[in-house]
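One structure below.
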Amino acid sequence: MAEEAKWYVVHTYSGYENKVASNLEKTVENRNLQDLITEVRVPTETVTEIKDNKTREVERKIFPGYVLVKMVLTDESWYVVRNIRGCTGFVGPSSDPIPLTDAEVAALGVETKQVEVSYGVGDSVQIIDGPLEGFVGIVEEIDTEKNRVRVTVSMFGRETPVELELDQAEMVD
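Per our numbering, the very first residue in the sequence shown carries number 85; after that it's consecutive.
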C-alpha cells in the first residue's frame, strides 16, 4: 500500500463504543484486512472517584459515543467500518470520513512517539529550542513517559531548574 494509514473518528451509539471496537477488530481479523485497518481505540482516562467516603479509580471514556480508527481509506475499509453493528457513521461533512490532522492526533494523545535521548542524568546539555535557547545546563531528571527533562541552568549567577521537552536539549560535544 502506497497510502499511509490515518486516524478517523467513528460515531457509535452511546455505550456501544467497546462493542463496536471489538466487533471491528474481529471483522478485520476474519477478513484479513490488517493492512487496511491497523488500529482501533476507545480513548479512556483513569479518574479517582470518591463515593460514600471510599476512593476508587474508575476508567472513563474521554469521548462517549466515539471510536478512533487508524486505517487506509478505501471503499472496502469504509464499507467494513460503516456496517459494523452499533456504528452510525464517520465524523465529517455528510458522513464523509475526514482524517484527523497530526496536531489533533498529538492533542488527543492517541499515538505516543518514542524519543531517543542521547544524554543521561548528570550530563551537560545545550538547550536548542525555546526561550532559553543557547543555554547549557546539567540534566537532573529524565521522564520519558511525559516527554520531559529537568535541566539545571546557571542564570544570573544562580542555579535554576528548567522543565523542557526531551527534544529541546542535546548533548554538548
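Cβ coordinates follow ideal geometry from the N, Cα and C atoms, glycine included.
Asked	Found
Continuous beta strand (DSSP E) assignments of at least 3 residues falling wholly in the region 170-194	171-174
C-alpha gap between Val-164 and Leu-216, whole angstroms	50 Å
Contacts around Thr-172, its chain only, beta-carbon distance under 6 Å, and the 5 residues preceding and following it disregarded	His-95
Same chain, Cβ closer than 6 Å to Arg-234, neighbours up to 5 away in sequence not counted	Glu-224, Glu-225, Pro-245, Glu-247
Boundaries of the alpha helix (DSSP H) in which Thr-96 is found, first to last residue	First-last for Thr-96: 90-96, but that is the beta strand (DSSP E), not the alpha helix (DSSP H).
Given 8 Å, three or more beta-carbon pairs between the region 120-129 and the region 148-160	yes
Coil, strand or helix - Gln-210 by DSSP	strand
Stretch pair the region 87-105 + the region 176-188: three plus CB contacts closer than 8 Å	yes
Asp-180 versus Arg-169, Lys-145, Trp-162, residue with shortest Cα-Cα distance	Trp-162
Cutoff 7 Å; reference Arg-144; Cβ partners in own chain excluding five residues on either side	Thr-128, Glu-129, Val-131
Buried/exposed call for Gln-252, threshold 16 Cβ in 10 Å	buried
Residues bridged to Tyr-150 [DSSP beta-bridge criterion]	His-95
Where the beta strand (DSSP E) containing Leu-248 begins and where it ends	242-249
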